[in-house]
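Report on one structure; see the data block that follows.
There are 2 protein chains.
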Amino acid sequence: MVKPTRVTNSIRALRFANGEMTQAELAARLGVTRQTVIAIEQGRYSPSLELAFQLARVFGVPLDDVFQYPAE
Amino acid sequence: MVKPTRVTNSIRALRFANGEMTQAELAARLGVTRQTVIAIEQGRYSPSLELAFQLARVFGVPLDDVFQYPAE
DNA sequence: TCCATGTGTCAATGATTCTTTACATGGCGA
DNA sequence: TCGCCATGTAAAGAATCATTGACACATGGA
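Protein chains in written order, with the working numbering: chain A, 1 to 72; chain B, 73 to 144.
Written out as structure tokens, the structure reads:
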């Protein structure tokens, strides 16, 4: 992990809240690889804004419900 | 511009709505260069999620108020 | 006119995100 | 036990984002 991001996310919880969705299934729905999902879920890096929007759309929640940016 | 982003934004409007903030001033507040602000404002590329969050914070609005991701 | 300010363009470079491929581990059912 | 599935690690390379520096143009004030 070269540069851990400060942004945290609720992807894992949202996956399980949506029919026990697996990482592979989520990746397929996003059109990215499973490794990308793993890396984002673990906070190894924050996704591009586009991918973040797609993520929120898959779960049907606003962006701020998927990602959290801690105050200073 | 190889791949224009599909994400649009309201940065310009938000700048003027916040005391006629200039691009240079916004850039300084974000800790990025003026060129970066220009490129994002024009939709040449979408910013990183972190920068997007900082942008929303500067204007005091949720992320979804700054950036819009059009439906399919 | 001269100068400062705000905006915009271009090019080169570095940093980060994402892909691809390969392999490892633990749980579970046949 | 064997095979499959879900998860995880790792590394190299491609694609995208972000930086700097230099220059251009319009506007407004001294």
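For each residue, glycine too, the CB sits at the ideal point set by N, CA and C.
Simplified DSSP assignment, three categories, for Gln140 of chain B: Under the three-state reduction of DSSP output, Gln140 of chain B falls in the strand class.
Contact set for Tyr117 of chain B: own chain, Cβ-Cβ below 7 Å, skip 5 residues either direction: The answer, listed in chain order, is Thr77, Ala111.
Own chain partners of Arg87 of chain B with C-beta closer than 7 Å, once the 5 adjacent residues on each side are dropped: Closer than 7 Å at Cβ, skipping near neighbours: Met93, Leu98.
Residue environment, Pro142 of chain B, which counts as buried when at least 16 other CB atoms sit within 10 Å: Burial call: exposed.
Close Cβ partners of Val74 of chain A (< 6 Å) along its chain, the five nearest in sequence each way excluded: It is not possible to answer for residue 74 of chain A, since the shown part of chain A is limited to 1 through 72.
7 Å Cβ cut-off: residues of chain A touching Val104 of chain B: The contacting residues do not exist; Val104 of chain B stays about 15 Å from chain A at best.
Short-range partners of chain A found in the stretch 117–139 of chain B, where Cβ spacing is below 7 Å: For the stretch 117–139 of chain B, the residues whose beta carbon sits under 7 Å from a beta carbon of chain A are, in order, Ser118, Pro119, Ser120, Leu121, Glu122, Ala124, Phe125, Pro134, Leu135, Asp136, Phe139.
Within 8 Å, strictly: CB atoms of Ser10 of chain A and Asp64 of chain A: No, Cβ-Cβ distance for Ser10 of chain A and Asp64 of chain A is not below 8 Å.
Arg6 of chain A at chain B interface by Cβ criterion, 8 Å: Yes, contact with chain B.
Distance CB(Val109 of chain B)-CB(Gln126 of chain B) smaller than 8 Å: Not in contact: Val109 of chain B and Gln126 of chain B (Cβ atoms no closer than 8 Å).
Run of the alpha helix (DSSP H) containing Thr36 of chain A, from where it starts to where it stops: Here the alpha helix (DSSP H) through Thr36 of chain A covers 34–41.
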